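Reminder that position 343 of the sequence shown reads as 342 in numbering that gives the first Met the number 0, one-by-one numbering, no gaps.
Right, one structure below, let's go through it.
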Amino acid sequence: MTKPKNLLIIMSDEHSPKALGCYGSEIVKTPNLDGLAARGTLFKSAYCASPVCIPARAAFAAGKYIHQIGYWDNADAYDGRIPSWHHRLRERGHDVVSIGKLHFRAPDEDHGFSEEIIPMHIIEGKGDLMGLVRSELPVRKGAYKMAHYAGPGESSYTFYDREITSRAQVWLREAAKRESDKPWVLFVSLVAPHFPLTAPPEHYYHYFNQNLPLPKLYDKRDRPNHPYLVDYRNSFNYDDYFEGDAVKRAVAGYYGLCSFLDENIGKILRSLEDAGLADDTRVMYTSDHGDNLGTRGLWGKSTMFEETAGVPLIMAGPDIPKAQVVTTPVSHIDAYPTVLDAMGNGETDLRDGYPGYSLFNIAQGEVPDRNVLVEYHGMGSTTGAFMIRHGKYKYINYAGYPAQLFDLEQDPEELHDLAADPRHADALEACRQRLYLICDPEEVDRQAKARQRELLQENGGREAVIARGDLGFTPVPGSATVFD
């Protein structure tokens with residue numbers, strides 16, 4: 000049994016694993032996260048449960064896949080109805096506190112935390128209703144914001160992150176003064192590098208003043224034309240607004256926000272040290288999902304490529320191997336048993352029916368006999384998407400569209416889809432069978448769309464939600480809500 004210790008979980012928003020030094024980036028500077036990885040374990044093949052905020056965060060909390068819990072999209076947020084690790088630990092006397100973005104449904108619900116400090120939840124308890132429209136996809140009128148706001152400066156998001164960081168520093172200093180016979184969990188959730196791609200100048204110009212390469216497969220002649228990607232690109236038509244140096248400004252803004260995020264994480268980790276808590280506290284860093292950042296002409300999330308479905312995941316502290324890289328695929332659903340283990344909780348009743356494995360065990364060499372799953376049922380898609388890792392292969396199944404297959408050993412940048420290659424027919428079928436051991440994609444797609452039709456009807460139907468408009472990004476607590 001893992002010895003009970005405090006646990007500090009730091010989650011960012013939309014941080015691609017391609018944008019950290021410790022994950023191999025030669026451009027992005029993340030010295031604090033690199034240092035955390037050097038004194039801990041880095042999980043090289045980590046995945047979110049869904050590449051969009053609300054389902055990803057619901058799965059991280061509840062410890063189950065999206066099709067098991069039913070929080071399908073950005074209009075169907077976690078409401079505390081299904082017990083989370085927050086609930087389980089609070090019930091057992093642990094202090095379980097959140098600071099920052101949660102993206103749950105409403106502030107007056109019980110999400111399981113002892114306290115929610117400056118939480119961000121979805122707008123009006125409804126979120127992105129336009130994402131409920133899954134046929135004849137509407138064009139997003141707020142798509143101009145991706146290019147429009149890219150550049151140097153401050154945004155409501157950078158101000159919010161500064162406040163989250165400040166509150167975390169205060170909480171840790173005060174925690175050192177408390178006396179308790181049970182370890183605590185502090186969940187600090189920052190919003191960088193989520194767009195708007197407005198980065199503090201000292202970070203922005205560090206990148207803008209370089210000769211940054213264009214995103215991978217950005218040239219229109221090179222972009223893949225799989226129908227799922229065409230659907231997304233036509234609905235979230237971000238790239239229509241990228242003229243002149245806008246691509247460079249966006250990439251510099253995103254990279255600058257990654258360094259800004261790293262700066263804030265450094266402040267939090269130094270506060271942990273200064274408070275004398277480092278020897279009694281484990282640290283986990285991850286992000287809710289990644290970001291396309293212009294690759295293949297795509298911006299935002301919602302795809303199954305490594306840039307978006309992959310996430311950084313680093314753990315450090317007592318009982319965690321130092322300077323280790325784990326290649327075994329892992330998932331955010333593994334957070335649930337990991338957090339229980341960190342608190343020294345071994346109750347089997349709390350784990351029955353949960354598909355996750357403890358990251359402590361995987362870090363020590365355990366290789367679970369399973370395939371991790373990523374699924375998507377939200378905005379910009381007409382069909383459910385399901386991804387598994389099976390050995391060296393990534394398999395993507397679309398309900399109604401052709402499947403995709405990538406060999407991540409030979410093709411880590413996912414440039415060559417092997418699904419139609421007869422030489423890989425056996426691998427394609429083996430992957431399909433492994434996916435069906437987890438779920439039936441067509442049946443899950445039907446369930447998701449049935450729930451979405453129900454919510455669409457409750458909110459006035461297709462024309463009403465389209466008329467309501469597009470937010471672009473969720474406003475921070477206390478700021479105005481402006482639809483486009």
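C-beta atoms are modelled at their ideal positions from N, C-alpha and C, and glycine is treated no differently.
Note that this is a predicted model, so its numbers are computed, not measured.
Excluding five sequence neighbours on each side, which residues of the same chain lie with their C-beta closer than 6 Å to the C-beta of residue i?
i, result
"V371", "Y46, P328, S330 and R388"
"E365", "none"
"D33", "G20 and C21"
"V132", "R461"
"L256", "A191, P192 and A198"
"G343", "P3"
"K144", "G471"
"N506", "In the structure as shown, the chain begins at 0 and stops at 483. Residue 506 is therefore absent and cannot be evaluated."
For the beta strand (DSSP E) holding residue i, just list the boundary residues, first then last.
i, result
"N5", "N5 to D12"
"Y375", "L372 to Y375"
"N344", "Counting along the chain, N344 falls outside any beta strand (DSSP E), and DSSP gives it neither H nor E."
With H, G and I counted as helix, E and B as strand and the rest as coil, what does DSSP make of residue i?
i, result
"M386", "strand"
"E457", "helix"
"I485", "Nothing about residue 485 can be read from this structure; the chain reaches only from 0 to 483."
"F42", "strand"
"K17", "helix"
"E428", "helix"
"S155", "helix"
"G293", "coil"
"Y435", "helix"
"T520", "The shown model of the chain, from 0 to 483, leaves out residue 520, and the question about it has no answer."
"K448", "helix"
"P226", "helix"
"S234", "helix"
"Q403", "strand"
"F482", "coil"
"K393", "strand"
"I116", "strand"
"L185", "strand"
"A198", "strand"
"P54", "helix"
When the distance is taken between beta carbons, is residue j closer than 8 Å to residue i?
i, j, result
"A149", "G299", "no"
"N31", "D160", "no"
"S24", "L189", "no"
"G289", "G309", "yes"
"P320", "A274", "no"
"R248", "F207", "yes"
"M303", "M386", "yes"
"A174", "L88", "no"
"Y394", "C430", "yes"
"H93", "K181", "yes"
"P336", "G355", "yes"
"S357", "D340", "yes"
"I98", "R172", "no"
"E457", "K17", "no"
"A76", "V373", "no"
"V475", "S258", "no"
"L136", "T381", "yes"
"Y64", "I332", "yes"
So, for residue i: in the same chain, excluding its five sequence neighbours on each side, which residues have a beta-carbon less than 7 Å away from its beta-carbon?
i, result
"G265", "N31"
"D469", "M129, R139, K140, G141, F482 and D483"
"T1", "D318, D340, A341, G343 and F359"
"P226", "Y400"
Tell me which residue opens and which closes the alpha helix (DSSP H) that residue i is part of.
i, result
"M378", "Premise fails: M378 is in no alpha helix (DSSP H) and is neither H nor E."
"A249", "A245 to D273"
"A76", "Run containing A76: none; DSSP gives neither H nor E here."
Since residue i and residue j should fall inside the 8 Å C-beta cutoff, what is the C-beta to C-beta distance between them, to a whole number of angstroms?
i, j, result
"V187", "L312", "Contact doesn't hold; Cβ gap of about 16 Å is too wide."
"A74", "L454", "6 Å"
"F59", "H85", "At roughly 11 Å, the Cβ-Cβ gap does not stay under 8 Å, so F59 and H85 are not in contact."
"G39", "A463", "Contact doesn't hold; Cβ gap of about 49 Å is too wide."
"A402", "G383", "That belief does not hold up - the Cβ atoms of A402 and G383 are roughly 12 Å apart, past 8 Å."
"E108", "D72", "The pair is not a contact, with the Cβ atoms about 18 Å apart (cut-off 8 Å)."
"S301", "Y240", "That belief does not hold up - the Cβ atoms of S301 and Y240 are roughly 18 Å apart, past 8 Å."
"I9", "Y284", "5 Å"
"I121", "H147", "Actually they do not touch by this definition, with Cβ atoms about 23 Å apart."
"C52", "D410", "Contact doesn't hold; Cβ gap of about 29 Å is too wide."
At least one CB of chain B closer than 8 Å to the CB of residue i: is that the case?
i, result
"V246", "No chain B is present in this structure, which holds just one protein chain."
Counting only the same chain and skipping the five closest in sequence on each side, list residues whose C-beta sits under 8 Å from that of residue i.
i, result
"L216", "R222, P223, T294, R295, G296 and L414"
"E408", "K391"
"T326", "K43 and S44"
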